[in-house]
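A quick write-up on the structure given underneath.
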Amino acid sequence: MFSGWPLTRAKTEKWGFRKHWMSNDYRIGDLYQDGLQERSRELWKTEPPDAGPYLQHLKTLSSEWPQFRLLADFMEVGICPSRLQNVDGNRSRHSWTVPYTYPKGPNLPANMSNKKERLTRTNVRQLNYLTDGSVQPVGTYKNPTQLLDALTTLDALARNDVELSLFVVEDLSREVIEKLGYHFDIDPDFFLAHIFDYAWYNIRDSFWSPPSLHMDALHRDWFQIRFCRARYFSTTGLFEKGQKEGDVFNIGRRLLDDENKAIWDRSVPPKAPKAANKWFAKPTTSDEEAPPRGSQGVLSPRNNADENEEQKQLQDQADETIDGKVGLMRTRATFWRRRWEKSKCDVGILLLDPTIKEGLQLWRGYKNWSSPPSTRSSKNELTASLQSSRVPSLTRSDGEDKVERSLFEDFMFWTQKPNKALQQDPGVAFRLPIMVLFRLACGEWLTLSQYIKTRLSQIDWEITHPKEFLSQTRIDFILRKLHTWRRLIPMYREMLLETRSGAFQWLDGTEKPQDRQPRVGDDPWDAYKAEFTLILRQMEEFEERIDRLTTVVTSAISIVDSRRVERLSLLATLFVPLSLVSSLFAMSEDIARIKWTYLWWAIVSIVLTAVLLVWTRRTRSRQGK
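Each position in the sequence shown, counted from 1, maps to that position plus 55 in this note's numbering.
In structure tokens, the structure reads:
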């Protein structure tokens with residue numbers, strides 16, 4: 056386990072609290088300053104025709120449903136107004152000199168071009184789930200006009216063979232909310248619940264959204280699940296780039312540092328050996344410098360150049376200094392479903408979070424769900440199986456058909472694969488996208504659970520062997536690591552409890568009576584309930600383990616402190632006889648005999664100190680017995 060790079064203590068990062076985390080800048084007005092908020096809204100006020108009927112409807116309702124004002128602000132500005140200072144990736148408070156203007160980026164001709172892109176950002180795909188159990192891709196829409204045409208076509212072409220028409224949306228914008236919300240008359244809470252993701256609120260925050268009662272949530276036509284995605288970065292610089300990518304999202308998501316470092320996260324390549332002295336180098340002849348003609352060692356210049364380039368890339372990777380870092384991002388997925396009589400089928404909308412392109416999924420992501428081909432498969436069957444099992448986030452080859460590695464593309468891949476459960480239960484096509492969503496969430500939860508176990512195990516090693524893994528004077532840094540998980544794990548438990556008590560009860564309450572007919576096998580949701588319950592138990596065990604580790608670390612710190620006090624006490628005790636003798640001899644007034652005074656002082660002090668040391672050692676030996 057310790058082979059390879061030399062063992063060095065883990066590097067301790069200089070961590071500090073950032074002022075912008077305090078959210079004490081209430082220039083647009085806090086929750087209780089209605090007048091200041093109204094004056095601020097005049098700066099981004101949107102009027103028809105830019106303000107569509109859905110946005111105008113939200114403004115009308117905001118007098119009695121204040122939470123809808125948040126969604127209206129989002130649609131007018133393009134993001135949450137409190138995030139305007141960070142849209143250029145600059146987290147400095149002083150970078151926002153002109154309120155409510157978008158900064159000019161390197162590739163943007165004007166400030167408003169960034170705002171226009173945010174307001175019209177569209178990435179929507181439509182899938183039709185047919186009665187025979189197959190899934191038919193309908194189209195990909197990259198602008199609001201294409202999305203509006205697709206909605207018009209959906210109403211005009213009523214097909215009897217379509218059970219569910221699903222729109223999968225990545226990120227949100229004003230035009231996407233306007234088109235979908237107005238066309239299907241969607242509850243504004245559906246979009247509002249997906250925009251913000253705050254662990255807690257300050258008492259003055261204007262973006263506070265009151266929670267719904269559990270009994271009311273069960274009667275809505277939508278539900279939401281929350282989970283956490285872990286992402287690996289090889290350097291701190293790449294991690295900071297990933298944080299800036301999160302600022303580009305319209306919805307509010309942040310890539311957070313887990314504040315945990317260990318010796319295994321960092322590797323420094325060994326120094327290259329010194330070149331041999333040319334005076335002692337063995338001379339080579341012309342026959343040794345080049346292979347003989349006709350041998351297999353002869354390479355064409357092109358192949359030789361390719362090989363040299365490949366070797367150079369491999370050497371660059373070997374010489375790279377790795378300082379691994381893991382970022383955690385809370386994620387939401389929101390699903391809406393309703394019977395749409397115009398198209399004579401069910402219509403569903405799934406909102407997914409964007410994915411940061413920098414870095415990689417921790418441990419390269421979840422396990423491939425597809426069954427591997429048999430060893431007796433023919434070459435054609437093996438090739439076809441490999442091609443059909445290329446998961447976007449799991450593939451490592453860069454072919455021509457390479458797809459972006461994201462949660463959005465992974466969902467599109469899995470939801471279009473053949474599914475036996477769907478073919479056995481006709482008439483319940485809406486289950487397939489939800490099953491895929493649950494599997495993706497479980498995969499992320501399992502990865503995060505393993506990561507937490509890894510960090511806690513590393514802390515165990517650091518406590519057991521502090522000399523090898525960290526300095527004894529820095530053992531209190533372990534408490535900082537534990538406090539991070541003491542803060543995060545209760546929040547993860549809350550997410551899992553919401554899924555188990557909210558999403559599954561919503562599914563049980565919204566299924567049609569004909570869908571509940573006896574089927575061969577168990578309820579399809581039971582397996583997913585068991586998975587989430589298992590992960591929830593793991594989180595509870597982690598909480599108990601953290602409490603035990605905190606007690607052990609606190610005891611270790613107390614032992615270190617007691618040893619320091621003991622050393623100080625011993626040092627003070629050594630000076631007692633010296634001070635006593637010097638005080639006694641100081642009473643002599645005969646200056647002529649001062650040299651004899653120094654002599655006797657030295658003799659008596661040395662004898663008393665030696666006696667004191669012997670007595671101290673014997674006392675310790677008796678206590679040890």
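Just so you know, even glycine gets a beta-carbon here, dropped at the ideal spot from N, CA and C.
Being a predicted model, the structure only gives us computed values, none of them experimental.
Next on the checklist: On the CB-based measure, 16 or more other CB atoms within 10 Å of its CB, does residue 401 come out buried or exposed?
Outcome noted: Taking every protein chain shown into account, the CB of residue 401 has 16 or more other CB atoms within 10 angstroms, so this residue is buried.
Next on the checklist: Comparing C-alpha positions only, which one of 137, 111, 100, 104 sits nearest to residue 83?
Outcome noted: Per the Cα distances, 137.
Next on the checklist: Can you look up residue 471 in the DSSP assignment and give me helix, strand or coil?
Outcome noted: In the displayed model, residue 471 falls within coil according to three-state DSSP, outside both helix and strand.
Item to check | Closest Cα partner of residue 132 within the set 116, 178, 169, 288 | outcome: Nearest to residue 132 by C-alpha distance, out of 116, 178, 169, 288, is 169.
Checklist entry - What residue from 534, 541, 531, 588 has the CA that sits closest to residue 554's CA? => result 588 is the residue among 534, 541, 531, 588 whose C-alpha sits nearest the C-alpha of residue 554.
Next on the checklist: For a test of the three-state rule: what should DSSP assign to residue 287, helix, strand or coil?
Outcome noted: DSSP places residue 287 in the strand class (E or B) of the three-state scheme.
Checklist entry - Run through DSSP, which three-state label would residue 183 get? => result For residue 183, the three-state secondary structure derived from DSSP is strand.
Next on the checklist: Measuring only from the beta carbon, is residue 401 closer than 6 Å to any heavy atom that is part of the ligand COA?
Outcome noted: Judged by which ligands are present, the structure shown has none, so any question about the ligand COA falls away.
Next on the checklist: Here's the rule: buried if 16 or more other CB atoms are within 10 angstroms of the residue's CB, otherwise exposed. What is residue 270?
Outcome noted: Burial check for residue 270: the Cβ neighbour count within 10 Å stays below 16, so the residue is exposed.
Item to check | Exposure of residue 669, with buried meaning 16 or more beta-carbon neighbours within 10 Å | outcome: Within 10 angstroms of the beta-carbon of residue 669 lie fewer than 16 other beta-carbons, which makes it exposed.
Item to check | Residue range of the unbroken beta strand (DSSP E) whose run includes residue 404 | outcome: First-last of the beta strand (DSSP E) with residue 404: 400-407.
Next on the checklist: For residue 237 and residue 113, I'd like the C-alpha separation in whole angstroms.
Outcome noted: Taking the CA atoms as reference points, residue 237 sits about 11 Å from residue 113.
Next on the checklist: Quick check: what's the CA-CA separation for residue 255 versus residue 115?
Outcome noted: Cα-Cα distance, rounded: 28 Å.
Item to check | Contacting residues, own chain, Cβ-Cβ under 8 Å from residue 335 (five flanking each side not counted) | outcome: Its pLDDT being 41, under 50, residue 335 is placed unreliably by the model, and the measurement read from it follows with that caveat. Excluding positions up to five away in sequence, the list is empty.
Checklist entry - On the three-state DSSP scale, how would you describe residue 277? => result Note: residue 277 maps to strand in three-state DSSP.
Checklist entry - Under three-state DSSP, which class holds residue 120? => result The answer is coil: DSSP assigns residue 120 none of H, G, I, E or B.
Next on the checklist: Are the CB atoms of residue 378 and residue 321 within a distance shorter than 7 Å?
Outcome noted: For residue 321 and residue 378, yes; Cβs fall inside 7 Å.
Item to check | Of the listed residues 421, 286, 251, nearest to residue 389 (C-alpha basis) | outcome: With distances taken between Cα atoms, residue 389 lies closest to 251.
Item to check | First and last residue of the uninterrupted beta strand (DSSP E) at residue 98 | outcome: Here residue 98 belongs to no beta strand (DSSP E), and DSSP marks it neither H nor E.
Item to check | Inter-stretch contact (C-beta, 8 Å, three-pair minimum) for the segment 554-563 and the segment 508-518 | outcome: Flag = no, the segment 554-563 and the segment 508-518 do not touch.
Next on the checklist: With a threshold of 8 Å, are at least 3 pairs of Cβ atoms found where one atom belongs to the segment 183-199 and the other to the segment 211-219?
Outcome noted: With the rule of 3 Cβ pairs closer than 8 Å, the segment 183-199 counts as touching the segment 211-219.
Checklist entry - Leaving out the 5 sequence neighbours to the left and right, which residues in its chain are closer than 7 Å to residue 446 when beta-carbon positions are compared? => result Once the five neighbours on either side are set aside, the close Cβ partners of residue 446 are 423, 465, 468.
Checklist entry - Among 444, 413, 134, which residue has its Cα nearest to the Cα of residue 285? => result Here the closest residue by C-alpha is 413.
Checklist entry - What is the C-beta distance between residue 514 and residue 612, in whole angstroms, given that I count them as a contact (C-beta under 8 Å)? => result Taking the Cβ atoms as the reference, residue 514 lies roughly 14 Å from residue 612, outside the contact range of under 8 Å.
Checklist entry - Hey, out of 221, 487, 584, whose CA is closest to residue 405's CA? => result Checking every option, the nearest Cα to that of residue 405 belongs to 221.
Item to check | Per-residue DSSP class, three states only, for residue 84 | outcome: If DSSP states are grouped into helix, strand and coil, residue 84 belongs with coil.
Checklist entry - With C-beta atoms as the reference, is residue 551 less than 7 Å away from residue 580? => result No, these two residues do not count as a Cβ contact at 7 Å.
Checklist entry - Mapping DSSP to helix, strand and coil, what is residue 590? => result Secondary structure at residue 590: helix, using DSSP grouped into helix, strand and coil.
Checklist entry - Exposed or buried, which one is residue 152 when buried takes at least 16 other CB atoms within 10 Å? => result Residue confidence for residue 152 is low, a pLDDT of 34 falling below 50, so the modelled location carries little weight; the figure read from the coordinates is stated next. Residue 152 is exposed by the Cβ-count criterion.
Checklist entry - Using 8 Å as the threshold, is the segment 495-506 in touch with the segment 277-284, meaning 3 or more CB pairs across them? => result Segments in contact, yes.
Item to check | Beta-carbon contacts of residue 425 that lie in its chain and below 7 Å, excluding the five residues immediately before and after | outcome: Closer than 7 Å at Cβ, skipping near neighbours: 444.
Item to check | Closest residue to residue 484 among 392, 658, 228, 616 (Cα-Cα distance) | outcome: If we check each option's Cα against that of residue 484, 392 comes out closest.
Checklist entry - Since residue 378 sits in a beta bridge, which residues does DSSP pair it with? => result DSSP lists 321 as partners of residue 378.
Checklist entry - If you check the beta carbons only, do residue 315 and residue 508 fall under 7 Å apart? => result Residue 315 places its beta carbon 7 Å or farther from that of residue 508.
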